[in-house]
Amino acid sequence: MKSTSIEIIEILKNAGHQAFWAGGCVRDMLIGIKPKDFDIVTSAKPDEIEALLDHTIPIGKEYGVILSINNGHHFEIATFRSDSGYSDGRRPDAIEFTNAEEDAKRRDFTINAIFYDPLTEEIFDYVGGQKDMQDKLIRFIGEPEKRILEDHLRILRAVRFKNAYGMQYHPDTYQAIKKYVHLVEKVSPERIRDELNKMITGANPAQAFEELFEIGALEILMPELCKLKGLAQPLMYHQEGDVWDHSLRALSALTDEESDPNPLPATPPSIELKWATLMHDIGKFETFGADAERIRYDNHASVGANTAKNILQRLKFPKKSIERIVWLIEHHMMIVQLLEMPEGRRRHWFLNPGFEELLEVYRADSMGIVPLNLDLYHQLKKLYHHEIAELKLMPKQIITGEEVMEISGLKPGEKVGEILEQIREKQLSGEVKTPEDAKEFLKNIL
Ligand code: ATP
Ligand code: MG
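Each position in the sequence shown, counted from 1, maps to that position plus 1 in my numbering.
The following block contains the structure:
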């Protein structure tokens, strides 16, 4: 991918144009992490780019952005431009093709505006980005207020970059994002969603959410989640603080190896697992109650599942993601009952395609608690791995609904489904092995 983007730059330069790597890839390269994609900026105009390169798509020609497809990799090539006016707080009303310096100045933060020529290994820094990189400063290019008024999403981008890269805010940048935080309300749900997703999957997500709260952005974006701040927990089980503290600790535990005395699961956590972990106790605010014995939150899992669903729908998450997150939240308390369940029911849960992720919510939840106790997690994980291969080999259905109806005389309906479920559990526990066993069992319960 890297070499192809260098080839593109070579072609543009050989035709007499300026061409650089720009934006995130230069920032990441200078920080020493592997860039996700290599964006190119050039003095060549869109028509010239199209004439020089094969396989191009004019994805944003009116903004001077051409996509080049090379060996299955996509490269964005943008003509130097300046943006004027953002009346919708998102896309520039008009653009003007300009030079490298003007293009650097239209970008958001100094660390995002460094250009690099991979052929000569020269850096072109018109905004003091390298210096800020050294001091680890997130700083708006130009007048912070103006930059926020142009595009309000930049408030959230500041929080993301600061935390994902372990940096600090320049004081003027910080004061401005606090002062104008109310403007995030005007950003489209889709852009907020994408930004929050990058925040939650990046490094230090818990700190990022803490800061979203601190500056008042979270109250606008997810007021339901803010309710966990200051929400009491029963002290004999939770010494880590309030429900908010617990939730953030759990979120950190998904990726933070330092705090983890046990090896992390091999696969990186999915975005759904991250959201479910952050919001697993979101129902505790509405269900808070204290009886003579202790603080309780009866039904908080199902109440919370509903609250989370509202948030995710509001933020236009894809339907499939919502279903997954909501399911994980709804069932996160089931894990603690697994060992007391009849074997067949427990194995039924093991076979649920979401089980492994549900167990990871439980692990993170446990990691979020002081004092730490992962005994049940390890016990269940061991049992699961011990049994799962064999369980997966079992026939899915030992008796059909038609057969059940024929023997029982029942009409199609819920009852038939319940019986099939019952037989399935007996099968999973090994009490019913053959279709004959199943029929025998059926006659007995009728
Ligand atoms: P990442 O890809 O990790 O989100 P990035 O910095 O590459 O980070 P992109 O959204 O890919 O972010 O944008 C590429 C570059 O375009 C940025 O580095 C920045 O220079 C500029 N840019 C992106 N979004 C904005 C914005 N809202 N306002 C100003 N400049 C922006
Ligand atoms: Mg990028």
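Quick reminder that beta carbons are idealized off the backbone N, C-alpha and C, glycines included.
Original post:
Which term fits Lys397, buried or exposed, when burial requires 16 or more other beta carbons within 10 angstroms of its beta carbon?
Top reply: Burial is judged here by how many other beta carbons sit within 10 angstroms of a residue's own beta carbon; Lys397 has fewer than 16 and is exposed.
Original post:
Which residues in the same chain as Ser253 place their Cβ atom closer than 6 Å to its Cβ, once the five residues preceding and following it in sequence are excluded?
Top reply: Here the set comprises Ala207.
**OP:** Output the distance between the C-alpha atoms of Ile296 and Lys434, rounded to the nearest integer angstrom.
**Re:** Linking Ile296 to Lys434 through their CA atoms gives a straight-line distance of about 45 Å.
Original post:
Contact between the segment 342-359 and the segment 386-395: three or more CB pairs below 8 Å?
Top reply: With a cut-off of 8 Å, the segment 386-395 and the segment 342-359 count as touching, because enough Cβ pairs lie within range.
Subject >> Phe98 beta carbon less than 8 Å from that of Ile41 >> reply: The answer is no: Cβ separation not under 8 Å.
**OP:** Kindly indicate which three-state DSSP category Glu492 falls into: helix, strand or coil?
**Re:** Since the displayed the chain opens at 2 and closes at 447, residue 492 lies outside it and no answer follows.
Subject >> Beta-carbon proximity check, Gln428 vs Ile408, cutoff 8 Å >> reply: Pairing Gln428 with Ile408 gives a Cβ-Cβ distance that is not under 8 Å.
Original post:
In chain order, what residues of the same chain lie with their CB nearer than 7 Å to the CB of Phe318, ignoring the 5 residues before and after it?
Top reply: Same-chain partners within the cutoff: Arg194.
Original post:
Do Leu229 and Asp299 come within 8 Å of each other at the CB atom, strictly closer than that value?
Top reply: No, these two residues do not count as a Cβ contact at 8 Å.
Original post:
To the nearest whole angstrom, what separates the beta carbons of Glu225 and Thr308, a pair I think is in contact under 8 Å?
Top reply: Right, their Cβ atoms sit about 5 Å apart.
**OP:** Only counting runs of 4 or more residues, tell me where the alpha helix (DSSP H) segments fall wholly within the segment 249-309, in order along the chain.
**Re:** Fully enclosed alpha helix (DSSP H) runs of no fewer than 4 residues occupy 272-280, 285-288 of the segment 249-309, in order along the chain.
Original post:
Taking the C-alpha atoms as reference points, what is the distance between His247 and Phe214?
Top reply: Rounded to whole angstroms, the gap between the alpha carbons of His247 and Phe214 is 15 Å.
**OP:** At 3 residues or longer, and completely inside the segment 113-200: list those beta strand (DSSP E) runs for me, N to C.
**Re:** Counting whole runs of 3 or more residues, the segment 113-200 contains the beta strand (DSSP E) stretches 116-118, 123-125.
**OP:** Decide yes or no for the touch test of the segment 145-161 against the segment 116-129: beta carbon pairs closer than 8 Å, at least 3 of them.
**Re:** Three or more Cβ pairs closer than 8 Å define a contact, and the segment 145-161 falls short of that threshold against the segment 116-129.
Original post:
If we call anything under 8 Å between Cβ atoms a contact, is Ile78 one with Ile50?
Top reply: Between Ile78 and Ile50, the C-beta spacing is below 8 Å.
Subject >> Cutoff 7 Å; reference Ala105; Cβ partners in own chain excluding five residues on either side >> reply: The answer, listed in chain order, is Ala114, Phe116, Tyr127, Val128.
Subject >> Residues near Lys275 by beta carbon distance below 8 Å, same chain, minus five either side >> reply: Closer than 8 Å at Cβ, skipping near neighbours: Ile201, Thr202, Pro206, Leu252, Leu255.
Original post:
Is Lys37 near the ligand MG, in the sense that its beta carbon is under 7 Å from a heavy atom of that ligand?
Top reply: The closest heavy atom of the ligand MG lies less than 7 Å from the beta carbon of Lys37.
Subject >> For Arg82, the three-state DSSP class (helix, strand or coil) >> reply: DSSP places Arg82 in strand when its eight states are reduced to three.
Original post:
Under 7 Å from any heavy atom of the ligand ATP, does the C-beta of Gly65 make it?
Top reply: No, Cβ of Gly65 sits at least 7 Å from all heavy atoms of the ligand ATP.
**OP:** Examine the ligand MG and report whether any of its heavy atoms sits within less than 7 Å of the Cβ of Gly73.
**Re:** The closest heavy atom of the ligand MG lies 7 Å or more from the beta carbon of Gly73.
Subject >> Stretch pair the segment 56-63 + the segment 22-35: three plus CB contacts closer than 8 Å >> reply: Counting C-beta pairs closer than 8 Å gives fewer than three between the segment 56-63 and the segment 22-35, which falls short of the contact rule.
Subject >> Residue closest to Met368, alpha-carbon to alpha-carbon, out of Asp29, Val160, Asp257 >> reply: Nearest C-alpha to Met368: Asp257.
**OP:** Below 8 Å on the Cβ atoms is my guess for Val362 versus Ala277; work out the distance and round it to an integer in Å.
**Re:** Correct: roughly 5 Å between the Cβ atoms.
Subject >> Alpha-carbon to alpha-carbon, Lys187 and Gly217 >> reply: If I take the Cα positions, the gap works out to 14 Å.
Subject >> Cα-Cα separation, Phe442 to Glu388 >> reply: Taking the CA atoms as reference points, Phe442 sits about 24 Å from Glu388.
Subject >> Exposed unless 16 or more other CB atoms sit within 10 angstroms - verdict on Asp136 >> reply: Classification for Asp136: exposed.
Original post:
Among the residues of its own chain, which have a CB less than 6 Å from the CB of Asp469, if the five just before and after it don't count?
Top reply: This structure cannot speak to residue 469, because the chain is shown only from 2 to 447.
Original post:
Considering only residues of the same chain and omitting the five flanking positions on each side of Gln131, which have a CB-CB separation below 8 Å?
Top reply: Within the same chain, Gln131 has close Cβ partners Leu31, Ile115, Ile124.
Subject >> Gly65 versus Pro235 - alpha carbon distance >> reply: Between Gly65 and Pro235, the C-alpha separation is close to 58 Å.
Original post:
What span of residues does the beta strand (DSSP E) with Pro47 cover, start to end?
Top reply: From DSSP, Pro47 is part of no beta strand (DSSP E) but of the alpha helix (DSSP H) over 47-53.
Original post:
Applying the criterion that 16 or more other CB atoms from any shown protein chain within 10 Å of the CB defines a buried residue, is Ile446 buried or exposed?
Top reply: With a 10 Å radius around the Cβ and a threshold of 16 neighbouring Cβ atoms, Ile446 comes out exposed.
**OP:** Return the chain-ordered list of same chain residues with a C-beta closer than 6 Å to the C-beta of Asp48, the five sequence neighbours on each side being excluded.
**Re:** So no residue of the chain qualifies.
**OP:** Determine the contact status of Glu196 and Arg161, defining contact as a CB-CB distance below 8 Å.
**Re:** Yes, these two residues count as a Cβ contact at 8 Å.
Original post:
Is Leu359 closer than 8 Å to His333 when the C-beta atoms are compared?
Top reply: Their beta carbons are under 8 Å apart, which means His333 touches Leu359 by this criterion.
Original post:
In the structure shown, what three-state DSSP assignment does Phe98 receive?
Top reply: Reduced to three states, the DSSP call for Phe98 is strand.
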